[in-house]
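Chemist: One structure follows; several queries about it will come next.
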Amino acid sequence: MWRLPEQNQSWVSEFILLGFSSDPISNRILFVAFLVLYLSSILGNGLIITLICLDSHLHTPMYFFLCILAILDLGYVTTTMPQMLVHLLAHSQTISFACCWLQMYVFGALALTECIFFVVMAYDRYVAICYPLRYTVILSWGMCTRLAAGTCVCGFFFSLIHTFLTMRLPYCGPNIVNHYFCEGPTVRSLACMDTHLIEIVDLLMSLFWNVTPSCLILASYIRIVQAILKIKSTKGRCKAFSTCASHLTVATFFYAPATYIYFRPNSSYSPERDKQFALFYNVFTALLNPVVYSLRNKDIKGAFLKVMGCGRGAR
Numbered sequence: 025m026w027r028l029p030e031q032n033q034s035w036v037s038e039f040i041l042l043g044f045s046s047d048p049i050s051n052r053i054l055f056v057a058f059l060v061l062y063l064s065s066i067l068g069n070g071l072i073i074t075l076i077c078l079d080s081h082l083h084t085p086m087y088f089f090l091c092i093l094a095i096l097d098l099g100y101v102t103t104t105m106p107q108m109l110v111h112l113l114a115h116s117q118t119i120s121f122a123c124c125w126l127q128m129y130v131f132g133a134l135a136l137t138e139c140i141f142f143v144v145m146a147y148d149r150y151v152a153i154c155y156p157l158r159y160t161v162i163l164s165w166g167m168c169t170r171l172a173a174g175t176c177v178c179g180f181f182f183s184l185i186h187t188f189l190t191m192r193l194p195y196c197g198p199n200i201v202n203h204y205f206c207e208g209p210t211v212r213s214l215a216c217m218d219t220h221l222i223e224i225v226d227l228l229m230s231l232f233w234n235v236t237p238s239c240l241i242l243a244s245y246i247r248i249v250q251a252i253l254k255i256k257s258t259k260g261r262c263k264a265f266s267t268c269a270s271h272l273t274v275a276t277f278f279y280a281p282a283t284y285i286y287f288r289p290n291s292s293y294s295p296e297r298d299k300q301f302a303l304f305y306n307v308f309t310a311l312l313n314p315v316v317y318s319l320r321n322k323d324i325k326g327a328f329l330k331v332m333g334c335g336r337g338a339r
């Protein structure tokens with residue numbers, strides 16, 4: 025299976041990332057646009073982390089998980105965006121084999137961790153609405169810490185398997201990656217051997233890490249909706265639905281494009297479309313999360329006003 029390339033061929037030592045455009049003027053425009061998006065993501069997620077750490081009223085399981093999500097988003101977008109910004113202005117768009125390996129691993133690890141973490145956040149909402157009186161007992165700080173650590177261990181471990189299977193393939197030319205970062209399926213298409221078996225393994229892993237969390241989140245929200253419908257007060261039902269809407273929104277925007285990229289048939293492969301979808305679940309989701317959680321959350325807005333010295337704010 026792991027057949028070495030022919031003697032007259034050589035191993036690829038670096039890849040060339042094509043990015044979005046080869047036109048210098050277009051690249052300058054894209055640089056400004058993506059720089060604004062990146063800085064906005066850093067500022068938004070950094071602000072959420074800072075507010076949650078500073079305000080003792082936000083030291084609850086829900087905001088602990090939100091803080092972890094913001095940290096994941098910071099790392100997630102930083103894995104790809106700085107390099108893409110450099111390539112938009114630089115003459116050379118190369119990335120070494122080792123750096124490509126590292127980028128693929130870290131990106132996959134953070135993506136898988138976030139994928140599982142949305143299930144943890146759904147469980148948090150399930151316990152808060154279905155068992156409100158036992159919320160702090162079930163989700164103790166010890167349990168919250170174990171859930172967060174467990175998702176990270178799973179994400180980084182299974183990403184190692186995915187990255188090893190991809191980068192262990194023989195790459196002997198061409199070395200041009202039609203993407204803005206080293207994403208597994210795109211890089212694997214350059215391997216100089218049949219990757220059918222690897223694609224099946226990757227598909228099974230993707231199936232497990234996308235379908236299983238989606239089903240668990242769906243099951244949680246079915247129970248949540250059943251519990252909410254039993255609430256007699258209209259105001260109480262609206263408040264309960266509101267606490268879940270933010271999580272459901274960001275989870276949907278994360279899973280939908282990722283599912284398309286990793287479950288699409290090879291016959292429908294389109295590099296340009298895949299780059300757009302990857303940009304959405306990589307960059308825009310990281311930007312969307314703080315916007316959704318801050319604009320819809322009175323506690324976050326209240327903590328911001330308090331930190332800025334405008335009083336306690338609305339709580």
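Numbering follows our numbering, with no gaps: position 76 of the sequence shown is 100.
Glycine included, each C-beta is placed from N, C-alpha and C at the ideal position.
(1) So Gly-179 packs on Leu-136, CB below 8 Å; how close in whole Å?
(2) Could you please give the first and the last residue of the uninterrupted beta strand (DSSP E) stretch that includes Ile-119?
(3) Can you give me the C-alpha to C-alpha distance between Ile-66 and Val-307, rounded to a whole angstrom?
(4) Find out if the Cβ-Cβ distance for the pair Pro-71, Pro-281 is shorter than 8 Å.
(5) Report buried or exposed for Glu-138, applying the criterion of at least 16 other Cβ atoms within 10 angstroms of its Cβ.
(6) Beta carbon of Ile-73, beta carbon of Ala-94: below 8 Å?
(7) What ranges does the alpha helix (DSSP H) occupy inside the region 178-234, keeping only unbroken runs of at least 4 residues that lie completely in it?
(8) In the structure shown, what three-state DSSP assignment does Ile-40 receive?
(9) Considering Cα atoms alone, identify which of Met-217, Phe-205, Ile-140 is closest to Phe-181.
(10) Pull up the distance between the alpha-carbon of Asp-97 and that of Ile-255, whole angstroms please.
(11) Should the region 319-334 be regarded as contacting the region 223-232, the criterion being three or more beta carbon pairs within less than 8 Å?
(12) Suppose contacts are defined by Cβ-Cβ distances below 8 Å. Is Gly-99 in contact with His-186 by that definition?
Modeler: Here's the rundown:
(1) The beta carbons of Gly-179 and Leu-136 sit about 4 Å from each other, so the pair counts as a contact at 8 Å.
(2) Its beta strand (DSSP E) spans residues 118-120.
(3) Ile-66 and Val-307 have their C-alpha atoms spaced approximately 11 Å apart.
(4) Residue identity differs from the one stated: residue 71 is Leu in this sequence, not Pro. With respect to the 8 Å criterion, Leu-71 and Pro-281 are not classified as neighbours on the basis of their beta carbons.
(5) For Glu-138, the number of other beta carbons within 10 angstroms of its own is at least 16, and it is reported as buried.
(6) Contact: yes.
(7) Scanning the region 178-234 for uninterrupted alpha helix (DSSP H) segments of 4 residues or longer gives 208-212, listed from N- to C-terminal end.
(8) DSSP places Ile-40 within a strand segment (E or B) once states are collapsed to three.
(9) Ranking the options by Cα distance to Phe-181, first place goes to Ile-140.
(10) C-alpha separation (whole angstroms): 34 Å.
(11) No, the region 319-334 is not in contact with the region 223-232.
(12) The answer is no: Cβ separation not under 8 Å.
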